[in-house]
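Presented below is the structure to which this report refers.
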Amino acid sequence: MKRHAMPTSPETLVRYRAAHVGGPESRRVRLFHSHAYLDHRVAHRIAEARAFMGLIRRTFAGTAHLEVHSFIPAPAGPHPRGSFEVLFTREVFADYVSWLMFARPERLDRSVASISGFAVHHFLERLAVQEAT
Numbered sequence: 016m017k018r019h020a021m022p023t024s025p026e027t028l029v030r031y032r033a034a035h036v037g038g039p040e041s042r043r044v045r046l047f048h049s050h051a052y053l054d055h056r057v058a059h060r061i062a063e064a065r066a067f068m069g070l071i072r073r074t075f076a077g078t079a080h081l082e083v084h085s086f087i088p089a090p091a092g093p094h095p096r097g098s099f100e101v102l103f104t105r106e107v108f109a110d111y112v113s114w115l116m117f118a119r120p121e122r123l124d125r126s127v128a129s130i131s132g133f134a135v136h137h138f139l140e141r142l143a144v145q146e147a148t
């Protein structure tokens with residue numbers, strides 16, 4: 016399946032937001048993302064985070080509404096520690112976030128946020144740069 020066909024694609028995000036333009040921002044949110052943060056100075060914490068990343072992929076392999084992104088083993092950009100990102104749609108929000116609450120390793124911090132407002136533009140710009148390289 017090509018990237019543009021994915022529910023997490025930029026095209027799908029833009030179409031969804033346009034279809035809900037008259038509603039409140041909370042209804043215009045199509046995508047969410049989570050970051051898992053790890054202690055990048057400790058080798059077994061890096062291994063633990065990679066294993067958890069694989070577990071997320073296996074657990075949610077049956078849905079196109081969630082995609083796991085690159086593992087970044089050191090601080091990068093606004094992220095103060097090593098991390099990886101997971102994009103997911105509102106269709107799997109409750110399943111993924113509730114699973115994440117109980118399944119994550121104790122030493123792995125996580126954050127969950129919507130991709131809305133200014134974040135939509137930042138997200139689309141970041142994807143355009145990634146696809147161009």
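Read left to right, the sequence shown gives residues 16 to 148 (the numbering used here).
From the three backbone atoms N, C-alpha and C, an ideal C-beta is built for every residue, glycine too.
Exposure of residue i, with buried meaning 16 or more beta-carbon neighbours within 10 Å
i, result
"Ser49", "buried"
"Met68", "buried"
"Ser98", "buried"
"Glu82", "buried"
"Arg43", "buried"
"Val36", "exposed"
"Phe103", "buried"
Contact test: residue i Cβ vs the ligand ZN heavy atom, cutoff 7 Å
i, result
"Thr74", "The ligand ZN is not part of this structure, which contains no ligands at all."
Close Cβ partners of residue i (< 8 Å) along its chain, the five nearest in sequence each way excluded
i, result
"Arg8", "With the chain covering only 16 through 148, there is no way to say anything about residue 8."
"Ile87", "His94, Gly97, Ser98 and Phe99"
"Ser85", "Phe99 and Glu100"
Same chain only: Cβ atoms within 7 Å of residue i, ignoring 5 sequence neighbours per side
i, result
"Pro120", "Glu63 and Phe67"
"Tyr31", "Arg45"
"Leu115", "Ser49 and Arg125"
Sequence-distant residues of the same chain with beta carbon closer than 6 Å to residue i, five excluded per side
i, result
"Ser41", "none"
"Asp124", "Tyr52"
"Glu106", "His80"
Supposed contact pair residue j and residue i - C-beta distance, whole angstroms, cut 8 Å
i, j, result
"Pro22", "Ala79", "5 Å"
"Phe47", "Ala128", "7 Å"
"Ile71", "Val101", "6 Å"
For this session: Please confirm if the region 67-84 is in contact with the region 109-118, defined as three or more CB-CB distances below 8 Å between the two stretches.
Result: Enough Cβ pairs lie closer than 8 Å, so yes.
Exercise. Residue ranges of each beta strand (DSSP E) run of no fewer than 3 residues wholly in the region 107-133, ordered along the chain?
Worked result: Complete beta strand (DSSP E) runs here, min 3: 124-130.
Exercise. Which ranges does the alpha helix (DSSP H) cover as unbroken runs of at least 4 residues, wholly within the region 17-88, from first to last along the chain?
Worked result: Qualifying alpha helix (DSSP H) stretches, in chain order: 25-34, 40-43 and 58-74.
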